[in-house]
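A short write-up of the structure that comes next.
There are 2 protein chains.
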Amino acid sequence: PPGRKVLIVYAHQEPKSLNGSLKSVAVEELSKQGCSVTVSDLYAMQFEPRATRNDIVGCLHNSEEFNYGVETWEAYKRGGLSNDLIEEQKKVQEADLLIFQFPLYWFSMPAIMKGWMDRVLVQGFAHEFPNCYDSGLLKNKLALFSFTTGGSEEMYAKGGISGDIRYLLWPMQHGIMHFCGVKVLAPHICFAPEYVSEEKRKEMLIAWAQRLKTLWKEEPINCSPEWYFE
Amino acid sequence: PPGRKVLIVYAHQEPKSLNGSLKSVAVEELSKQGCSVTVSDLYAMQFEPRATRNDIVGCLHNSEEFNYGVETWEAYKRGGLSNDLIEEQKKVQEADLLIFQFPLYWFSMPAIMKGWMDRVLVQGFAHEFPNCYDSGLLKNKLALFSFTTGGSEEMYAKGGISGDIRYLLWPMQHGIMHFCGVKVLAPHICFAPEYVSEEKRKEMLIAWAQRLKTLWKEEPINCSPEWYFE
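Shown next, in the form of structure tokens:
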């Protein structure tokens with residue numbers, strides 16, 4: 099609906115890829131609805147995935163023994179995080195919906211996107227004990243993981259060789275998003291696009307555009323072990 | 099035992115951290131046993147986590163549309179991967195045991211270590227369909243995930259707010275190591291070292307050294323959904 103803000107965190111090297119097209123479809127469809135859409139194109143930004151001392155501007159809280167979690171927390175409170183992190187945090191703060199668009203690498207997100215999680219979602223900004231899970235600091239936001247796989251749907255079935263695809267969603271959806279208080283919409287998965295016809299890939303794009311039309315009416319999943327493991 | 103080769107892939111910024119000490123304890127104890135130990139200290143190496151065109155030396159197989167998986171597979175076959183990847187692959191090839199030492203970041207490994215997985219374990223080297231899972235190309239090797247957590251053991255119990263710690267081991271142990279044919283030893287977990295006494299942290303180091311003394315007699319876990327989810 100008009101006025102809603104969406105941040106798409108996108109991790110693919112190739113604009114012509116299916117991931118690139120899925121991202122473009124989302125920008126187009128959500129803009130058409132009147133949403134304001136921002137894209138963090140991580141490879142194009144050469145986004146830094148490594149959590150290092152460079153993320154803190156100025157002096158350290160404890161320069162004797164570097165603790166990344168403590169240092170970024172302290173830096174956040176005094177406005178001393180590096181500019182690239184402040185920029186991403188602003189985008190997250192303003193967004194009603196976060197869409198993560200990526201190819202599945204090793205049952206998870208590519209390292210460049212994991213680095214975005216590691217570095218952007220710092221304590222004080224996204225969570226601050228006891229404000230985690232349902233009372234995480236990013237509550238009232240939604241997240242959706244949209245990704246492509248190498249393996250087929252059969253491999254990722256319960257009893258399949260790679261196990262139920264939901265097993266691998268636990269760390270990303272529960273461990274990251276739910277921990278920060280973000281409500282999770284059902285994932286959007288395109289299985290094995292490299293092994294299907296061009297026509298089938300076009301259908302995948304149409305299905306995504308179709309889902310986005312009614313996305314704001316969707317209810318979040320019940321992000322508890324039952325959803326993943328039963 | 100004398101002659102066994104161990105690669106420790108280590109991801110912590112601070113040598114004085116518990117992770118740094120756990121790494122040193124392993125180097126010391128395994129060397130004392132007569133093993134030959136190599137450490138990949140990822141932050142010290144400023145290891146590159148991003149999967150990009152730079153990983154391929156020379157021309158691309160398809161320069162019209164960049165596909166990282168296909169390009170690294172092709173480059174591997176013709177000896178055209180970047181030097182940092184060739185170095186890491188040599189270390190893996192020679193190792194009987196891989197130890198991954200890291201602090202848990204967001205229910206997973208830090209991005210710099212995820213980048214090691216994404217970039218080093220390329221098709222052709224670590225797997226090549228149908229050589230995956232029990233027939234993965236790195237069979238006859240062992241792996242062990244050794245990590246510290248922020249949350250307590252109670253939070254990571256079955257029924258705890260963060261769910262059974264085994265849930266989050268699935269992508270790392272099954273999705274990566276088992277996929278490559280590597281057999282997995284039980285993980286070594288130090289819960290919440292930041293919230294315990296200095297004495298308790300020393301006990302953690304002693305327990306790790308103790309375990310390493312009989313490590314080569316251990317049987318791998320049965321890496322199937324039952325181990326993780328039942």
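In order, the protein sequence lines correspond to chains A and B. Taking the working numbering, the leading residue of the first sequence gets 99, the next gets one more, and so forth. Taking the working numbering, the leading residue of the second sequence gets 99, the next gets one more, and so forth. A virtual CB, placed ideally from N, CA and C, is assigned to each residue, including glycine.
**OP:** With DSSP as the reference, please indicate the residues paired to A/Glu226 in a beta bridge.
**Re:** Beta bridge pairing from DSSP links A/Glu226 with A/Asn229.
Subject >> Alpha-carbon spacing of B/Lys300 relative to B/Ser119, whole angstroms >> reply: Using only the alpha carbons, I get a separation of about 10 Å.
Original post:
Are the C-beta atoms of B/Asp182 and some chain A residue less than 8 Å apart?
Top reply: Chain A, which has no Cβ nearer than 8 Å to the Cβ of B/Asp182, makes this no.
Original post:
At a CB-CB cut-off below 8 Å, which residues of chain B make contact with A/Gly360?
Top reply: What the structure shows of chain A is the stretch from 99 to 328, and residue 360 of chain A is not part of that stretch, so it cannot be assessed.
**OP:** In the DSSP assignment, find the unbroken beta strand (DSSP E) run with A/Gln338 in it and report its ends.
**Re:** In the structure displayed, chain A extends from 99 to 328; residue 338 of chain A sits before or after that span and is not available.
Subject >> Min CB distance B/Thr247 to chain A below 8 Å >> reply: Taking 8 Å as the threshold, the shortest C-beta distance from B/Thr247 to chain A does not fall below it.
Original post:
Any idea what DSSP makes of B/Asp262, helix, strand or coil?
Top reply: It is coil, neither helix nor strand.
Original post:
Closest by CA to A/Leu283, which one among A/Ala290, A/Phe289 and A/Met275?
Top reply: It is A/Met275 whose Cα lies nearest to the Cα of A/Leu283.
Original post:
For chain A, is any of its Cβ atoms less than 8 Å away from the one on B/Glu301?
Top reply: It does not: the Cβ of B/Glu301 has no partner Cβ on chain A nearer than 8 Å.
**OP:** Report the neighbours of A/Thr150 on chain B: residues whose CB is nearer than 8 Å to its CB, in chain order.
**Re:** Within chain B, the residues Gln111 and Tyr141 have their CB atoms less than 8 Å from the CB of A/Thr150, given in chain order.
**OP:** Go ahead and label B/Thr246 buried or exposed: buried means 16 or more other beta carbons lie within 10 angstroms of its beta carbon, across all protein chains shown.
**Re:** Per the 10 Å Cβ criterion, buried.
Original post:
Does the stretch 308 to 319 of chain A come close enough to the stretch 121 to 129 of chain B to have 3 or more Cβ pairs within less than 8 Å?
Top reply: Counting Cβ pairs under 8 Å, fewer than three are found: no touch.
Original post:
If you measure from the beta carbon of A/Phe200 to each beta carbon in chain B, is any gap under 8 Å?
Top reply: Chain B contact via Cβ: absent.
Subject >> chain B contacts from the stretch 200 to 233 of chain A (Cβ-Cβ distance under 7 Å) >> reply: Only Tyr203, Trp204, Phe205, Ser206, Pro208, Ala209, Ile210, Lys212, Gly213, Met215, Asp216 and Tyr231 from the stretch 200 to 233 of chain A bring a Cβ to less than 7 Å from some Cβ of chain B.
Original post:
Whose Cβ in chain B lies nearer than 7 Å to the Cβ of A/Pro291?
Top reply: What A/Pro291 touches in chain B: nothing, since even the nearest Cβ is about 11 Å away.
Subject >> Cβ contact (3+ pairs, closer than 8 Å) linking the stretch 210 to 220 of chain A and the stretch 200 to 216 of chain B >> reply: By the Cβ criterion, the stretch 210 to 220 of chain A is in contact with the stretch 200 to 216 of chain B, since at least three pairs of Cβ atoms, one from each stretch, lie closer than 8 Å.
Original post:
In the stretch 156 to 177 of chain A, which residues sit with their C-beta less than 9 Å from some C-beta in chain B, listed in chain order?
Top reply: Within the stretch 156 to 177 of chain A, the residues whose Cβ lies closer than 9 Å to any Cβ of chain B are, in chain order, Glu162, Glu163, Phe164, Asn165, Tyr166, Gly167 and Val168.
Original post:
Are the CB atoms of B/Glu251 and B/Phe289 nearer to each other than 8 Å?
Top reply: For B/Glu251 and B/Phe289, yes; Cβs fall inside 8 Å.
Original post:
Do you know offhand how far A/Thr170's Cα is from A/Ile106's?
Top reply: Roughly 24 Å between the two C-alpha positions.
Original post:
By Cβ distance, which residues of its chain are closer than 8 Å to A/Arg264, with the 5 residues on each side in sequence left out?
Top reply: Trp325, Tyr326 and Phe327, listed in sequence order.
Subject >> Close beta carbons around A/Gln271, own chain, < 7 Å, minus the five adjacent residues each side >> reply: So the qualifying residues of the chain are Phe243, Val282 and Cys321.
Original post:
Tell me which same chain residues have a C-beta within less than 7 Å of the C-beta of A/Gly178, skipping the five on either side of it?
Top reply: Excluding sequence neighbours, A/Gly178 sits near Ile154, Val155 and Gly156.
Subject >> Pick from B/Gly248, B/Leu310, B/Gln191 and B/Leu266 that is closest to B/Gly222, judged by C-alpha positions >> reply: Comparing Cα-Cα distances from B/Gly222 to each of B/Gly248, B/Leu310, B/Gln191 and B/Leu266, the minimum goes to B/Gln191.
Original post:
Which runs of the beta strand (DSSP E) spanning at least 3 residues fall entirely within the stretch 115 to 170 of chain B, listed in chain order?
Top reply: List check, beta strand (DSSP E) in window: 134 to 139.
Original post:
Along chain B, in chain order, which residues have C-beta atoms closer than 9 Å to that of A/Lys114?
Top reply: Within chain B, the residues near A/Lys114 are Glu162, Glu163 and Phe164.
Original post:
Taking DSSP as the reference, what is the three-state secondary structure of B/Cys278?
Top reply: Looking at B/Cys278 - three-state DSSP - the assignment turns out to be helix.
Subject >> Euclidean distance between Cα positions of A/Pro323 and A/Ser206 >> reply: Computed Cα separation, rounded: 18 Å.
**OP:** Please state whether DSSP places B/Lys103 in a helix, a strand or coil.
**Re:** Note: B/Lys103 maps to strand in three-state DSSP.
**OP:** From the DSSP output, read off the bridge partner residues of A/Leu246.
**Re:** One detail in the question is off: residue 246 of chain A reads as Thr in this sequence, not Leu. Bridge partners of A/Thr246: A/Pro201 and A/Cys288.
Subject >> Buried/exposed call for B/Ser161, threshold 16 Cβ in 10 Å >> reply: It is exposed - the Cβ of B/Ser161 has fewer than 16 other Cβ atoms within 10 Å.
Original post:
Using DSSP with H/G/I as helix, E/B as strand and the rest coil, what is B/Tyr326?
Top reply: Note: B/Tyr326 maps to helix in three-state DSSP.
Subject >> Distance CB(B/Val280)-CB(B/Lys239) smaller than 8 Å >> reply: In this structure, B/Val280 places its C-beta atom within 8 Å of the C-beta atom of B/Lys239.
Subject >> CA nearest to the CA of B/Leu202, picked from B/Thr136, B/Pro291 and B/Lys256 >> reply: Checking every option, the nearest Cα to that of B/Leu202 belongs to B/Pro291.
Subject >> Residue nearest to A/Lys188 in terms of C-alpha spacing, selected from A/Val104, A/Phe164 and A/Leu116 >> reply: Measuring from the Cα of A/Lys188, the nearest candidate turns out to be A/Val104.
Subject >> Residue-chain proximity (B/Tyr254, chain A), Cβ-Cβ < 8 Å >> reply: Not closer than 8 Å to any Cβ of chain A, the Cβ of B/Tyr254 fails to qualify, so no.
**OP:** Mind checking who A/Ser206 pairs with in its DSSP beta bridge?
**Re:** A/Ser206 pairs with A/Tyr203.
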